[in-house]
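Participant: Numbering (full-length UniProt numbering), first residue to last: 1 to 172. The beta carbon of each residue, even a glycine, is placed where N, CA and C say it ideally should be. Provided herewith is a single structure, encoded as structure tokens, for subsequent inquiry.
So this is what it looks like as structure tokens:
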């Protein structure tokens, strides 16, 4: 089941725990402990997450297995997007699931939900950034029709990383 995250302490704490775990499990092997620690403490700070949930141009959605959040997606539009290049688009800023749930259709369900949000908001396109070395994620996005159009900088702690920018046209 997918449901929108609310700004209750319970939801913010559930999101914080899930976001930190999924990000760490995905990227710790190739980044320094210091950069990971700085990023996790900054990006997934309780007050930062609460503020993002409360934002009118950004939403988080949980994928629930019973009462447990096992995946999530964050979408941004208008001025909440992390890059100004696609002002009419919907950005998928984050989409993760717990490793033990990979291959169970959670990413697909979250992606389909994000696409439906973009359509509801009448956004003509979607975009996201993905680390090129994350082959699993890259294949997943291209399966949904996302195509590389460039790169952008993603700061992980003090490490400047260059991610691919992928775009999906929804008007085709």
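Report all residues from its chain with a CB closer than 7 Å to the CB of residue 160; omit the five preceding and five following residues, and keep chain order.
Facilitator: Working through the chain shown from its first residue, we reach residue 160 at position 160. Within the same chain, residue 160 has close Cβ partners 153.
Participant: Going by DSSP, name the residue or residues bridged to residue 150.
Facilitator: The residue you call residue 150 lines up with position 150 of the chain shown. The partner list for residue 150 (beta bridge, DSSP) reads 165.
Participant: Indicate the three-state DSSP secondary structure (helix, strand or coil) for residue 173 in the structure shown.
Facilitator: Residue 173 is absent from the model: the chain starts at 1 and stops at 172.
Participant: Closer than 8 Å is the cut-off here; do at least three beta carbon pairs connect the segment 20 to 35 with the segment 92 to 106?
Facilitator: Contact between the segment 20 to 35 and the segment 92 to 106 is present, because at least three Cβ pairs lie under 8 Å.
Participant: Is it the case that the Cβ atoms of residue 119 and residue 166 are separated by a distance below 8 Å?
Facilitator: As a first step, residue 119 must be located in the chain shown, where it is residue number 119. As a first step, residue 166 must be located in the chain shown, where it is residue number 166. No.
Participant: Any Cβ of chain E within less than 8 Å of the Cβ of residue 112?
Facilitator: Considering every chain present, this structure includes no chain E. It has just one protein chain.
Participant: Would you kindly check if the distance between the Cβ of residue 146 and the Cβ of residue 121 is under 8 Å?
Facilitator: Indexing the chain shown from 1 puts residue 121 at position 121. Indexing the chain shown from 1 puts residue 146 at position 146. Not closer than 8 Å, so no.
Participant: In whole angstroms, what separates the C-alpha of residue 135 from that of residue 101?
Facilitator: For the purposes of this step, residue 135 is taken as residue 135 along the chain shown, with counting starting at 1. For the purposes of this step, residue 101 is taken as residue 101 along the chain shown, with counting starting at 1. Their backbone Cα atoms lie some 17 Å apart in a straight line.
Participant: Please list, in chain order, all residues of the same chain as residue 148 whose beta carbon is under 6 Å from its beta carbon, the five residues on each side excluded.
Facilitator: Walking along the chain shown from the start, residue 148 turns up at place 148. These residues qualify, in order along the chain: 164, 166.
Participant: Helix, strand or coil: how does DSSP classify residue 29 here?
Facilitator: Counted from its first residue, the chain shown places residue 29 at position 29. The answer is helix: DSSP assigns residue 29 an H, G or I state.
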